[in-house]
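Under this note's numbering, the first residue of the sequence shown is numbered 312, with each subsequent residue one higher.
Data block below; observations after.
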Amino acid sequence: MKNNNQKAVKKLSMASLRNSRMRNLFAVTAIVLTTVLFTTVFTLAMGLISSMEKEIMRQVGTSAHAGYKDLTRAEYDKIRTNSRIKEMSYNILVGMASNETLAKRQTEIRYGEPEDLEWGFRKPEKGTYPRNKKEILADTIVLDLMGVPRELGQKITLEFDYLGHKHRDTFTVSGIYQGDPMLGASQLYLSKEYVEEVIASVDESDRKEMLRSGKSLGEGLIQAEVFFKSSRNIEENARKVLMECGFADNEIDIGVNWAYLSAKAESMDVQTVLGVVFILVLIGITGYLVIYNIFQISIVMDIRFYGLLKTLGATRKQIRFLVRRQALILSAAGIPAGLILGWLLGIKLTPVMLGMVSGVYGDGFTANPVIFMGAAIFSLITVLISCRRPGKAAACVSPVEAVKYVECDKGKKKKQKAASHRGKISRMALANVFRYKKKAVVVITSLSLGIILLLTIYSAVRGFSIDKYMDEMIYGDLNIGTTDYFHNYGTGDIELPEEFFDTVNDMDGVEESGSAYVSFFPFPMDETGKERLRQGMERGFLKDSIADFRKTYEDVLTQDRIMTERRFAFDPYILKQLHVTEGELDIEKFNEGGYVLAVAQMDINNKNESWYHPGDKVKLCRYDTREQYDKRQEEIYDAYGNPVDTSGIVSARGVRELPWDEYEVMAVVELGEGVAGLAAGAPEISMIVPKEELERTAAVNGFQRYLACFRIGEEHLDTAEAAVEKYTTQINPQTDYRSRKELRKEFMQMMEVLKLIGGALCVVVGAVGILNYVNSTLTGIITRRKELAMMKSIGMTDRQQQKMLIFEGLYYVIFIGLISSAVGSLVSLLILRPLSRTLRWFVYDFTLLPVALVLPFMAILAVAIPVLMYRRVNRISIVERLRE
312 MKNNNQKAVK KLSMASLRNS RMRNLFAVTA IVLTTVLFTT VFTLAMGLIS
362 SMEKEIMRQV GTSAHAGYKD LTRAEYDKIR TNSRIKEMSY NILVGMASNE
412 TLAKRQTEIR YGEPEDLEWG FRKPEKGTYP RNKKEILADT IVLDLMGVPR
462 ELGQKITLEF DYLGHKHRDT FTVSGIYQGD PMLGASQLYL SKEYVEEVIA
512 SVDESDRKEM LRSGKSLGEG LIQAEVFFKS SRNIEENARK VLMECGFADN
562 EIDIGVNWAY LSAKAESMDV QTVLGVVFIL VLIGITGYLV IYNIFQISIV
612 MDIRFYGLLK TLGATRKQIR FLVRRQALIL SAAGIPAGLI LGWLLGIKLT
662 PVMLGMVSGV YGDGFTANPV IFMGAAIFSL ITVLISCRRP GKAAACVSPV
712 EAVKYVECDK GKKKKQKAAS HRGKISRMAL ANVFRYKKKA VVVITSLSLG
762 IILLLTIYSA VRGFSIDKYM DEMIYGDLNI GTTDYFHNYG TGDIELPEEF
812 FDTVNDMDGV EESGSAYVSF FPFPMDETGK ERLRQGMERG FLKDSIADFR
862 KTYEDVLTQD RIMTERRFAF DPYILKQLHV TEGELDIEKF NEGGYVLAVA
912 QMDINNKNES WYHPGDKVKL CRYDTREQYD KRQEEIYDAY GNPVDTSGIV
962 SARGVRELPW DEYEVMAVVE LGEGVAGLAA GAPEISMIVP KEELERTAAV
1012 NGFQRYLACF RIGEEHLDTA EAAVEKYTTQ INPQTDYRSR KELRKEFMQM
1062 MEVLKLIGGA LCVVVGAVGI LNYVNSTLTG IITRRKELAM MKSIGMTDRQ
1112 QQKMLIFEGL YYVIFIGLIS SAVGSLVSLL ILRPLSRTLR WFVYDFTLLP
1162 VALVLPFMAI LAVAIPVLMY RRVNRISIVE RLRE
């Protein structure tokens, strides 16, 4: 039957809210903490995504959604009129600088519209874009290499080739922007007037034809950058534009900015998604446990009030509405405060977190509305779910039951047996703990979550071994190489300048040194290797790698695809530091010849596999003449019948006719990141031969010294590092170094970040658990005032009652300790132990020390809170309490 007392219910709701001040304080605090957790996680996630997105854009060279490559002016004008395009700009490649001073740095000469330069992070920090004919916008790296001061008005003489036409001109610096040594090339921008004059020397149709025939890199053609109205479906939109403009398939190349693709949820791997879900569920459970318990206890305390409402005609729906309305009002106070506090905490933690992510650009600062919307929605959902069951319990109580209500679990009554322990206080306390099982489970679970989290984070931090990390990342105290080796995966120029090596090797304090060398060869895998590769892939090797990458290895098995062999050679100082996984490395015997070391290959999941084992015979090719080297390639034609550049394309026929040497595999080794940072191109395989063998087999194609490692005396280390830093920043910016001292500092910073973020999470989750415990204890004693008075009236002393309450608190501590130890051990075993098998510098080392440290603090709370609260309740006389 419907009634019209909705206004009265709302008034009663507000009156009840005002009357429950302690409940409100606990509830708002719990909602604030829950919202802080959600907001901090969202802020950290969005800050990391934003910074990584900027970093990828920086690597790609633009923030534009997509690009159309090698356009004529007519094609550009036709595309820019399409309604799908929001903004469009362009640049034109003129040529590559051929100055001797720029021999070690690829330097592209271009014209770029201001919008295109701004999208490409090349906005002048000093000066302006080129306006007059002979002006130039230069980056700091080029200026340093050419010995030109970083000042406006300086003169630069450039030499370059434009489609066979040599040019040499002097330009005035009108603007300077910060160069990026992490990128493989620099760009110099000339004026539109000058560039149009240069490119006019070759007809536009001829420029296009030269591109098709492989005689051009697209010089003189327009490289267009576009923004669509949305970053969704970029590739689809880019292709639709071409189709709507009347272009045939593949007539114009497009490029999609993968910074936007990497930020999409569909591109996230399963582990990342599960990790995000786990964190959100953990926070949700943490908030649910405390908010649910607060409302459940509140319902129990006000049970007679709800029974009276039922007597006066309130329906179940109205009582549920009353409880839910109170929860929403409390949320209106708690959620905004939690959003602000969580965001402030997040923006403080994000830059610290980004500090451990090498090479990430930006400070992670973001005020994305998604942060606040997501955190508010998740927090509100948590609150509504938390108050649902208490609201249902309040709605279902009958007036008669409400009057007689005593807090305990409903269920089948057990037959009581006589026992000698019936009057013992410790037994009474244990019975009281589980008299209301739901509350006990909620409190124990809530506090156990914080300890389990602390246990896992402590074990994780403890497991990261700085010694193993150093062995993985660096050989010796100081490693030197080129910026391309250290920052571009070995693509580009990796040859270590002889002058740089001699400068370091002649320094005081160098006790031992060694160099790493490499050359590249074709490698047709034999049947033994194929069978092991097949077995490895069946076991899951490359399972989670990119499909195209994995397919190259499948082609080795099905189509006899030629692999790329990285043939290494190391001086004895490096050889003796290699991590041997199979067999034994006898350096003296190895250097005598006839042996190779097989390098275990690692996939995206750090899973190592070797296709050859100690005792196997393996054949490696060599080049004795230039004709043999050239014969490994064959002429390839494109779809239009034009010959294309065959650089790097290997002919199976030519390879199999090369001379071969047979070696025995002495051992299998793993190369740490310190010496293995070279890209060879899939599919690849790596072998290590003595240096003399590398010199003999690579006599034609040559080899490169790409890394040098030094052991330096402690007293000379700082001086040596300072000299190397000066060389790499002032004399030759194309070189770089890695030091044990800096790596140690980075490792410690990484551990501090893990401790800071993990510690903050533990503190908040622990605070929620303690809040839950304190609230349960306080309200439990308040609701049991009449019961305690009755026990006192029949002879139980104050001391006995306090002792009983203390025992109840200590039982909670004991159960929390047992559960958190058991579950924490299981979580650690399932999460951290597998990590030790995939991360070579992580050692599984579980300990229960955090539990042992936390439990005494909890025991103090278990004693202090009941005693203090009992004394407060005891101020009211027995008669008054019995009359309640």
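Each residue gets a CB set at the ideal place from its N, CA and C atoms; glycine is no exception.
No experiment lies behind these values; they were computed from the predicted model shown.
Per-residue burial, residue i [other beta carbons within 10 Å of its own, 16 or more giving buried]
| i | result |
| --- | --- |
| L1137 | exposed |
| C707 | exposed |
| R1186 | exposed |
| V592 | exposed |
| D427 | buried |
| W971 | exposed |
| A570 | buried |
| S958 | A caution first: S958 carries a pLDDT of 40, below 50, which makes its placement in the model unreliable, though a value can still be read off. Counting Cβ neighbours within 10 Å, S958 comes out exposed, since fewer than 16 surround it. |
Where residue i sits in the DSSP three-state scheme
| i | result |
| --- | --- |
| Y934 | coil |
| V717 | Confidence is the limiting factor: at V717 the pLDDT is only 49, short of 50, which leaves the residue's position unreliable, though a coordinate-based value still follows. V717 falls in the coil class under three-state DSSP. |
| N443 | coil |
| L764 | helix |
| N919 | strand |
| F558 | coil |
| K749 | helix |
| T626 | coil |
| K568 | Sequence check: residue 568 is Asn here, not Lys. Here N568 sits in coil by DSSP. |
| L896 | coil |
| F539 | strand |
| R843 | helix |
| D480 | strand |
| L469 | strand |
| S516 | helix |
| M407 | strand |
| D972 | strand |
| V980 | strand |
| N1185 | coil |
| A880 | strand |
Same chain, Cβ closer than 6 Å to residue i, five either side skipped, listed in chain order
| i | result |
| --- | --- |
| S997 | R877 and V910 |
| E504 | K444 |
| M818 | A1031 |
| L982 | V910 |
| G1069 | I768 |
| F797 | D1047 |
| L454 | R461 |
Contact set for residue i: own chain, Cβ-Cβ below 8 Å, skip 5 residues either direction
| i | result |
| --- | --- |
| R773 | D1156 and T1158 |
| Y923 | T839, G840, R843, A909, V929, V976 and V979 |
| N604 | K750, V753, V754, S757, N1083, N1086 and S1087 |
| V1011 | Y934, D935, T936, R937, Q939 and Y940 |
Cβ shell of residue i (< 7 Å), same chain only, five flanking positions each side left out
| i | result |
| --- | --- |
| F1126 | I755 |
| L1054 | M781, M784 and I785 |
Spatially closest choice to residue i from the options, by CA coordinates
| i | options | result |
| --- | --- | --- |
| G1024 | N816, E1098, Q1112 and T936 | N816 |
| T439 | P460, L501, E398 and R384 | L501 |
| T340 | D813, P1167 and P647 | P647 |
| A375 | C1073, M399, R518 and M836 | M399 |
| D795 | I1189, T1046 and L1141 | T1046 |
| E809 | Y1017, P492, L323 and L639 | Y1017 |
| S737 | G1120, V1178, D560 and R933 | G1120 |
| N393 | L1172, R631, E968 and G557 | G557 |
| A326 | R479, L633, A740 and I1081 | L633 |
| G406 | A356, I420, T412 and I640 | I420 |
| E364 | A1034, G486, S542 and D480 | S542 |
| V1029 | M1062, R1051 and T451 | The displayed chain sequence assigns Asp, not Val, to residue 1029. Taking only the C-alpha atoms, the option nearest D1029 is R1051. |
| V1074 | G464, P441, I763 and K434 | I763 |
| A827 | L1005, S485 and V1190 | L1005 |
| N919 | F1153, M848, T345 and L1141 | M848 |
Integer-rounded CB distance, given that residue j should sit under 8 Å from residue i
| i | j | result |
| --- | --- | --- |
| T767 | G525 | That pair is no contact at about 56 Å. |
| A705 | Y617 | 5 Å |
| Y884 | Y974 | About 23 Å separates the two Cβ atoms, so there is no contact after all. |
| A1019 | L807 | 6 Å |
| L448 | P435 | 6 Å |
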